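J.: Structure provided below as structure tokens; questions to follow.
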Amino acid sequence: MGYHASLFSGLGLIVAAAVISRYLNIPAISDSALLFPAAISLLVTGMFLLMARRNAIAMVIGYIMLENGIYLTGTTFSTQARHIVEFGILLDVLAGVMIMAIILQNIKQTFDDVDTSLLRTLKE
Amino acid sequence: MVELVFITPFVTGLLAFVLPKALSRQLLVFTGAVHLVLSLLLWKTALRPFLPNILPCPGRTAVSSGDLAAVFLIAIYTTGYLAAHQLKSENVFTGFMLLFLSTMTMVTLSDHIMVLWIAIEATTLASAPLIFTHRSGASLEATWKYVLICSVGIAMALLGSLFLTLSMELGGVTAALSFPPCRLWPVTWIRHGSKRDSFLSWWDTAPRWGWPHAYLAARCPQRSAQPGLGPVVRGPVELRLFRHL
Numbered sequence: 219m220g221y222h223a224s225l226f227s228g229l230g231l232i233v234a235a236a237v238i239s240r241y242l243n244i245p246a247i248s249d250s251a252l253l254f255p256a257a258i259s260l261l262v263t264g265m266f267l268l269m270a271r272r273n274a275i276a277m278v279i280g281y282i283m284l285e286n287g288i289y290l291t292g293t294t295f296s297t298q299a300r301h302i303v304e305f306g307i308l309l310d311v312l313a314g315v316m317i318m319a320i321i322l323q324n325i326k327q328t329f330d331d332v333d334t335s336l337l338r339t340l341k342e
Numbered sequence: 059m060v061e062l063v064f065i066t067p068f069v070t071g072l073l074a075f076v077l078p079k080a081l082s083r084q085l086l087v088f089t090g091a092v093h094l095v096l097s098l099l100l101w102k103t104a105l106r107p108f109l110p111n112i113l114p115c116p117g118r119t120a121v122s123s124g125d126l127a128a129v130f131l132i133a134i135y136t137t138g139y140l141a142a143h144q145l146k147s148e149n150v151f152t153g154f155m156l157l158f159l160s161t162m163t164m165v166t167l168s169d170h171i172m173v174l175w176i177a178i179e180a181t182t183l184a185s186a187p188l189i190f191t192h193r194s195g196a197s198l199e200a201t202w203k204y205v206l207i208c209s210v211g212i213a214m215a216l217l218g219s220l221f222l223t224l225s226m227e228l229g230g231v232t233a234a235l236s237f238p239p240c241r242l243w244p245v246t247w248i249r250h251g252s253k254r255d256s257f258l259s260w261w262d263t264a265p266r267w268g269w270p271h272a273y274l275a276a277r278c279p280q281r282s283a284q285p286g287l288g289p290v291v292r293g294p295v296e297l298r299l300f301r302h303l
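In order, the protein sequence lines correspond to chains A and B.
According to our numbering, the first sequence is numbered sequentially starting from 219.
According to our numbering, the second sequence is numbered sequentially starting from 59.
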């Protein structure tokens, strides 16, 4: 997807997240009106970035955005699960992103680019 | 102590990274044998959990742990394979193979939903470097796709678990997040439909450990271990989840 279309889609997703969050009545987040829209926006735009981009670095950034969205959702939603979310995100971001970075470096060395459209030899 | 079944391969896996090649091969077989003995003890319910809220009563999942031990006789084959093929990073391969065994055993034994999540995530992370040991273009592609699919899947599972805790909070359920107290959850489930969604997000986005290209691109021992062990590990987890749907 092109950059302009991506920008408009991202804006649309943010607006949709803001509209949806108005209809959800969650007591834990009644104090800060922007917290939930921000969490949902991060989540969906992260997913969108993962699906719409071919550059491996952009995909990793999309994954980190998705994780940030989950972290924000978890810490705002639930008081019980805060430490669990902290640990989960620590494992995901620290280990997962480290492994992704190693693979990225190897993709760059092998294919001389980080474009994932080059990775098309394996198909179902 | 039930925890020894997965702590032993974890510790030996870390040791394998720093030991000489020949010694790490012997360690692989030794750990396989210890794991087999511990799994048999678990089967005989001779071991008791140190953390009973997190690990289930032995016996319920001991069969899959026993299967894991039987399949880990692959370790014996692996030593011969490693001797025949001089791998550049043999220590890394052996270390991750043992960590893979440890995390998979943890998946079969954990009864706390978040411990289960951590074990599944750790299994994905431990198996990714094993796919990449060929260092070819195809193995690189397989690893990239495997890590990305599994990471996004497991991130969705974390979100599902959060909705689960939220539904418990809203429903006023104070039970632990482990499977036995979950029998109280249908009440919460009826009041707040998010429990079903949480479990479905677990189910739908479970890591694709059986993705054929991932293990076809890997080395022979991993190629034999992954498709065989994946269903063994996933089976009891999925059965446990389905029982509550």
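C-beta: ideal position from N, C-alpha, C; glycine also.
In this text the structure is predicted, and so the values were computed from the model without any measurement.
1. Kindly indicate which three-state DSSP category residue 169 of chain B falls into: helix, strand or coil?
2. Which value, in whole angstroms, describes the spacing of the CA atoms of residue 322 of chain A and residue 274 of chain A?
3. Any Cβ of chain A within less than 8 Å of the Cβ of residue 74 of chain B?
4. Taking residue 284 of chain A as the reference, which of B:227, B:223, B:222 and B:210 has the closest Cα?
5. Alpha carbon to alpha carbon, how far is residue 185 of chain B from residue 196 of chain B? Give it in angstroms, no decimals.
6. At the 8 Å Cβ level, is residue 148 of chain B part of the contact set with chain A, yes or no?
7. Alpha carbon to alpha carbon, how far is residue 59 of chain B from residue 242 of chain A?
8. Which term fits residue 238 of chain A, buried or exposed, when burial requires 16 or more other beta carbons within 10 angstroms of its beta carbon?
9. Below 9 Å on C-beta distance, what does residue 328 of chain A contact in chain B?
10. Classify residue 310 of chain A as helix, strand or coil using the three-state DSSP reduction.
11. I'd like to know whether the C-beta of residue 201 of chain B is nearer than 8 Å to at least one C-beta of chain A.
12. Within a Cβ cutoff of 8 Å, which residues of the same chain sit near residue 228 of chain A, ignoring the five residues on either side of it in sequence?
13. What does the Cβ neighbour count give for residue 155 of chain B, buried or exposed, with the cut at 16 atoms within 10 Å?
14. Name the chain A residues that come within less than 8 Å of residue 209 of chain B, Cβ to Cβ?
15. So which residues on chain B does residue 324 of chain A lean against when the C-beta distance must stay under 8 Å?
16. I want to see whether chain A comes within less than 8 Å of residue 179 of chain B, judged by CB atoms only; does it?
17. Of the residues that make up the segment 154-176 of chain B, which ones have a beta carbon closer than 7 Å to any beta carbon in chain A?
18. Check whether the Cβ of residue 217 of chain B lies closer than 8 Å to any Cβ atom in chain A.
19. I think residue 253 of chain A touches residue 294 of chain A, with their Cβ atoms under 8 Å apart; what is that distance to the nearest whole Å?
20. With burial defined as no fewer than 16 other Cβ atoms inside 10 Å of the residue's Cβ, what is the status of residue 233 of chain A: buried or exposed?
21. Return no unless some Cβ of chain A is closer than 8 Å to the Cβ of residue 183 of chain B.
22. Smallest Cα separation from residue 134 of chain B: which of B:194, B:175, B:83 and B:191?
23. Here's the rule I'm using: 16 or more other beta-carbon atoms within 10 Å means buried, otherwise exposed. How should residue 331 of chain A be labelled?
24. With distances taken from CA atoms, which of B:205, B:78 and B:63 is nearest residue 146 of chain B?
25. Quick one: give me the first and last residue of the alpha helix (DSSP H) that residue 144 of chain B is part of.
26. Taking the alpha-carbon positions, what's the residue 107 of chain B to residue 99 of chain B distance?
27. Taking the alpha helix (DSSP H) that residue 75 of chain B belongs to, which residues open and close that run?
28. Check the DSSP bridge columns for residue 273 of chain A and list the partner residues they point to.
29. Can you give the Cα-Cα distance for residue 92 of chain B and residue 86 of chain B, rounded to whole angstroms?
30. Alpha carbon to alpha carbon, how far is residue 198 of chain B from residue 205 of chain B? Give it in angstroms, no decimals.
31. For residue 136 of chain B, count the other beta carbons within 10 Å of its own beta carbon; 16 or more makes it buried, fewer makes it exposed. Which is it?
32. Going along the chain, which residues of its own chain have a beta-carbon closer than 8 Å to the beta-carbon of residue 276 of chain A, five neighbours each way excluded?
33. If we define contact as Cβ-Cβ less than 8 Å, is residue 304 of chain A a contact residue for chain B?
34. Would you list, in chain order, the members of the segment 133-145 of chain B that have their beta-carbon closer than 7 Å to a beta-carbon of chain A?
35. Is the Cβ-Cβ distance between residue 221 of chain B and residue 157 of chain B less than 8 Å?
36. Which one of B:192, B:202 and B:177 has the shortest CA to CA distance from residue 336 of chain A?
T.: Per the coordinate set shown:
1. coil
2. Roughly 7 Å separates the two Cα atoms.
3. By this cut-off, residue 74 of chain B is not an interface position.
4. B:210
5. Those two C-alpha atoms are separated by around 16 Å.
6. no
7. Near 46 Å, if we compare the C-alpha coordinates of residue 242 of chain A and residue 59 of chain B.
8. exposed
9. Under the 9 Å cutoff, chain B gives 193, 194, 195 and 198.
10. Three-state DSSP puts residue 310 of chain A in a helix.
11. At a cut-off of 8 Å between beta-carbon atoms, residue 201 of chain B makes contact with chain A.
12. The beta carbon of residue 228 of chain A sits closer than 8 Å to the beta carbons of 263 and 266 from its chain, once the five residues preceding and following it are set aside; these are given in chain order.
13. buried
14. 281, 310, 314 and 318
15. Near residue 324 of chain A (Cβ distances below 8 Å), the residues of chain B are 190, 193 and 198.
16. Residue contact with chain A for residue 179 of chain B: present (Cβ-Cβ distance below 8 Å to some residue of chain A).
17. Cβ contacts with chain A come from 172, 175 and 176.
18. Yes, its Cβ sits closer than 8 Å to a Cβ of chain A.
19. 5 Å
20. It is exposed - the Cβ of residue 233 of chain A has fewer than 16 other Cβ atoms within 10 Å.
21. Yes, residue 183 of chain B lies at the interface with chain A (some Cβ there is under 8 Å from its Cβ).
22. For residue 134 of chain B, the nearest C-alpha among the options comes from B:83.
23. With fewer than 16 other Cβ atoms from the protein chains shown falling within 10 Å of its own Cβ, residue 331 of chain A counts as exposed.
24. Nearest Cα to residue 146 of chain B within the set B:205, B:78 and B:63: B:78.
25. That residue, residue 144 of chain B, is in no alpha helix (DSSP H); it is neither H nor E in DSSP.
26. 12 Å
27. Here residue 75 of chain B belongs to no alpha helix (DSSP H), and DSSP marks it neither H nor E.
28. A:333
29. 10 Å
30. 11 Å
31. buried
32. 267
33. no
34. Residues of the segment 133-145 of chain B with a Cβ closer than 7 Å to any Cβ of chain A: none.
35. no
36. Nearest of B:192, B:202 and B:177 to residue 336 of chain A, Cα basis: B:202.
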